[in-house]
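K.L.:
In our numbering, the protein residues as written are 12 to 452. Built from N, CA and C at the ideal position, the CB exists for glycine as well.
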Amino acid sequence: MLEGLEAFCGRALARYGCPSVSVGVAERGEVALGAAFGVADRATGRPATPGTVYGLGSVTKPVVAIAVCVAADAGLLDLDAPVPFDFGLSAPTVRQLLGHRAGFAPYYDFGYADEAARVDAARHTVQFEEPGSGFTYANLGYRVLGHLLEAAGGQEAGAFVRERVFEPLGLTSWHLGPAHPGPAPAAVRYTPDGRAYPPYTCGHPAATLGWATAGELALFTAAYERLLRPATAAAVLTAEPITAHTGYGLGWTVSSGDGPLVISHSGGGPGVAAMTVGVPERELAVSVLCDCTDKSARDAVVRYVLDELLDGFDPAALASPVLDPARPLDLPKGRWSGSISTPEGELPVTLEVLPGRRVTVTLPGAGTGTVPATASATRDLRADTALQLPTADARINSPSLAFALTLRDGALTGLAHAYKDGDHEGRLGNFLSHRCVLRAG
Numbered sequence: 012m013l014e015g016l017e018a019f020c021g022r023a024l025a026r027y028g029c030p031s032v033s034v035g036v037a038e039r040g041e042v043a044l045g046a047a048f049g050v051a052d053r054a055t056g057r058p059a060t061p062g063t064v065y066g067l068g069s070v071t072k073p074v075v076a077i078a079v080c081v082a083a084d085a086g087l088l089d090l091d092a093p094v095p096f097d098f099g100l101s102a103p104t105v106r107q108l109l110g111h112r113a114g115f116a117p118y119y120d121f122g123y124a125d126e127a128a129r130v131d132a133a134r135h136t137v138q139f140e141e142p143g144s145g146f147t148y149a150n151l152g153y154r155v156l157g158h159l160l161e162a163a164g165g166q167e168a169g170a171f172v173r174e175r176v177f178e179p180l181g182l183t184s185w186h187l188g189p190a191h192p193g194p195a196p197a198a199v200r201y202t203p204d205g206r207a208y209p210p211y212t213c214g215h216p217a218a219t220l221g222w223a224t225a226g227e228l229a230l231f232t233a234a235y236e237r238l239l240r241p242a243t244a245a246a247v248l249t250a251e252p253i254t255a256h257t258g259y260g261l262g263w264t265v266s267s268g269d270g271p272l273v274i275s276h277s278g279g280g281p282g283v284a285a286m287t288v289g290v291p292e293r294e295l296a297v298s299v300l301c302d303c304t305d306k307s308a309r310d311a312v313v314r315y316v317l318d319e320l321l322d323g324f325d326p327a328a329l330a331s332p333v334l335d336p337a338r339p340l341d342l343p344k345g346r347w348s349g350s351i352s353t354p355e356g357e358l359p360v361t362l363e364v365l366p367g368r369r370v371t372v373t374l375p376g377a378g379t380g381t382v383p384a385t386a387s388a389t390r391d392l393r394a395d396t397a398l399q400l401p402t403a404d405a406r407i408n409s410p411s412l413a414f415a416l417t418l419r420d421g422a423l424t425g426l427a428h429a430y431k432d433g434d435h436e437g438r439l440g441n442f443l444s445h446r447c448v449l450r451a452g
């Protein structure tokens with residue numbers, strides 16, 4: 012199987028500067044292929060092997076989602092019950108949390124073991140829209156699901172997943188946490204320029220901090236339905252559309268249109284690039300795990316393996332970012348004033364639309380910046396600035412500020428994102444969303 016895999020992976024690792032890749036293929040209920048290439052630890056020269064565990068990033072989500080569904084089948088929770096927490100608007104249901112339709116905004120934070128400063132995710136777990144308003148990919152929803160799973164199961168979420176999902180499938184490599192405890196060797200996670208990441212935690216572990224081998228992840232992807240009642244398994248794949256080719260079910264991106272049904276999930280993070288893909292009617296699953304932030308090697312290997320195993324495979328069936336195509340800014344010249352809502356209170360901000368599709372942003376405590384501005388399919392104004400939001404959380408590792416605003420009822424409303432762009436310098440930072448409302452004048 013896949014006779015050219017070693018040569019292809021070697022070329023991909025060299026081209027994209029990724030230290031290692033692990034590939035798992037499951038077919039008809041068994042791991043049909045486990046292979047790994049490259050170096051899992053550059054400091055020692057330890058090679059990657061099929062038994063090396065990798066960080067999963069957001070591929071943690073389908074694993075946790077299936078655990079939540081297992082808990083529902085056991086009567087430990089109700090998928091359609093509102094959660095017993097107040098996030099500012101109507102309480103979302105468990106099903107809405109699983110499908111990224113609970114009203115949360117994009118968010119992530121990472122706390123590195125050698126850095127004292129941490130962002131408290133609880134301060135940012137607030138809704139920006141009513142549940143059911145639409146799809147917004149949200150780590151915070153899975154943060155909440157982790158807490159619900161712990162309350163329902165009476166144990167840590169990672170232990171529940173291990174005992175109720177992985178072990179019943181005969182799998183042993185799963186862990187949820189900042190670092191894998193062993194005895195399996197773990198891949199060291201690297202920046203694009205080869206710097207090793209220390210262990211790190213985050214405020215949304217049930218969304219992000221899973222570990223497994225590629226072979227066992229592939230077998231989970233192929234076999235998880237065995238753990239569920241038929242009606243629950245069908246609900247997992249009942250997907251609301253998010254692109255022309257895909258929808259999102261309960262933890263999985265699900266293909267639509269011609270060809271066999273494809274389920275998938277991608278994952279990223281500091282030193283993590285992961286993807287798992289399943290084709291249920293073929294009883295086939297493929298998982299590819301890399302130990303670098305850049306996803307290029309991962310994507311190349313995923314495409315190669317699927318092209319080899321599936322005739323006429325269409326990559327549009329896979330999990331991919333929800334695109335929001337740019338269009339020219341067409342707001343009239345003028346001044347807009349209002350505030351950004353933060354955990355520390357309301358911060359005043361002024362935005363002036365200038366000729367030449369540019370805007371000047373003035374933020375007391377941060378300064379003034381003039382930058383290009385665009386619009387998009389869903390937003391009437393988008394602008395990225397080098398201003399840092401003057402809050403304690405943003406000062407930790409979010410040096411930039413972006414606006415994504417929509418003109419509605421005479422006001423520009425939407426989000427102001429405090430963020431850091433990548434880890435080509437330093438480490439991957441945080442992405443914090445805040446409500447922003449501006450009015451003309």
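Quick check: what's the CA-CA separation for ARG368 versus THR385?
P.N.:
Roughly 7 angstroms between the two C-alpha positions.
K.L.:
State the beta-bridge partners of ALA320 as determined by DSSP.
P.N.:
Note that residue 320 is Leu in the sequence shown here, rather than Ala. LEU320 pairs with nothing; no bridge assigned.
K.L.:
Which partner residues does VAL290 have in the DSSP bridge list?
P.N.:
DSSP lists LEU295 as partners of VAL290.
K.L.:
Counting only beta-carbon separations shorter than 9 angstroms, does LYS431 have a partner in chain D?
P.N.:
Of the chains in the structure shown, none is chain D; there is only one protein chain.
K.L.:
If I follow the unbroken beta strand (DSSP E) through GLY221, where does it start and stop?
P.N.:
Segment 221-223, the beta strand (DSSP E) holding GLY221.
K.L.:
Locate the beta strand (DSSP E) running through GLY380, then write down its first and last residues.
P.N.:
378-383 is the span of the beta strand (DSSP E), which, as asked, contains GLY380.
K.L.:
Within the region 142-226, note down every full alpha helix (DSSP H) run reaching 4 residues or more, in order along the chain.
P.N.:
Whole alpha helix (DSSP H) segments, 4+ residues: 150-164, 168-172, 216-219.
K.L.:
Quick check on DSSP: helix, strand or coil for CYS20?
P.N.:
CYS20: helix per DSSP, three-state reduction.
K.L.:
Suppose the cutoff is 6 angstroms on Cβ atoms and the five residues either side in sequence are ignored; what does the same chain contact list for VAL70 look like?
P.N.:
Counting only Cβ-Cβ distances below 6 angstroms, and skipping sequence neighbours, we find HIS276, GLY278, ALA285, THR287.
K.L.:
Using DSSP with H/G/I as helix, E/B as strand and the rest coil, what is GLU363?
P.N.:
Three-state DSSP puts GLU363 in a strand.
K.L.:
So what does DSSP say about ALA422, is it helix, strand or coil?
P.N.:
Correct three-state label for ALA422: strand.
K.L.:
Using the Cα positions of VAL273 and VAL176, report the straight-line distance between them to the nearest angstrom.
P.N.:
So the alpha carbons of these two residues sit roughly 21 angstroms apart.
K.L.:
Which residue wins for smallest C-alpha separation from GLY40, given the options ASP335, ASP318, PRO410, GLY289?
P.N.:
Considering only alpha carbons, the answer is GLY289.
K.L.:
Thinking C-beta only, is ALA47 closer than 9 angstroms to PRO58?
P.N.:
Taking 9 angstroms as the Cβ cut-off, PRO58 and ALA47 qualify as a contacting pair.
K.L.:
Can you look up VAL448 in the DSSP assignment and give me helix, strand or coil?
P.N.:
Here VAL448 sits in strand by DSSP.
K.L.:
Closer than 8 angstroms by C-beta to THR63: which residues in its own chain qualify, once you throw out the five before and the five after it? Chain order, please.
P.N.:
Cβ neighbours of THR63 beyond the five flanking positions: SER31, SER33, ALA47, ALA51, ALA195, PRO196, ALA197, ALA198, THR224.
K.L.:
Using only the alpha-carbon positions, how far apart do LEU362 and SER266 sit?
P.N.:
About 40 angstroms.
K.L.:
Determine contact between the region 212-230 and the region 146-159, defined as no fewer than three beta-carbon pairs at a distance below 8 angstroms.
P.N.:
Judged by Cβ distances under 8 angstroms, the region 212-230 makes contact with the region 146-159, as three or more pairs qualify.
K.L.:
Report yes or no: do three or more beta-carbon pairs, one from the region 86-95 and one from the region 226-240, lie closer than 8 angstroms?
P.N.:
Output reads no: the region 226-240 does not touch the region 86-95.
K.L.:
From LEU334 to LEU416, what does the alpha carbon distance come to, in whole angstroms?
P.N.:
Distance between the alpha carbons of LEU334 and LEU416: 16 angstroms.
K.L.:
Could you check if HIS135 is buried or exposed, using at least 16 other CB atoms within 10 Å of its CB as the buried criterion?
P.N.:
Classification of HIS135: buried, given that the 10 Å Cβ count is 16 or more.
K.L.:
Is the region 430-449 in contact with the region 397-407, if contact means three or more CB pairs nearer than 8 angstroms?
P.N.:
Touching, per the Cβ criterion.
K.L.:
Please determine if the region 420-428 and the region 325-340 are in contact, where contact requires at least 3 C-beta pairs separated by less than 8 angstroms.
P.N.:
At 8 angstroms Cβ cutoff, the stretches do not touch.
K.L.:
Output the boundary residues of the alpha helix (DSSP H) element that contains ASP84.
P.N.:
Unbroken alpha helix (DSSP H) run through ASP84: 71-84.
K.L.:
List the whole-angstrom C-beta distance separating VAL448 from GLY349, where the pair is believed to meet the contact cut-off of C-beta under 8 angstroms.
P.N.:
With 8 angstroms as the limit, VAL448 and GLY349 qualify as a contact, their Cβ atoms being about 5 angstroms apart.
K.L.:
On a CA-only basis, which of ALA207, ASP204, TRP222, HIS435 is nearest HIS191? Give me that one, please.
P.N.:
For HIS191, the nearest C-alpha among the options comes from TRP222.
K.L.:
Just to confirm my understanding: we take SER352, look at its own chain, exclude 5 residues before and 5 after, and list those with CB closer than 7 angstroms. What are they?
P.N.:
Closer than 7 angstroms at Cβ, skipping near neighbours: HIS445, ARG446.
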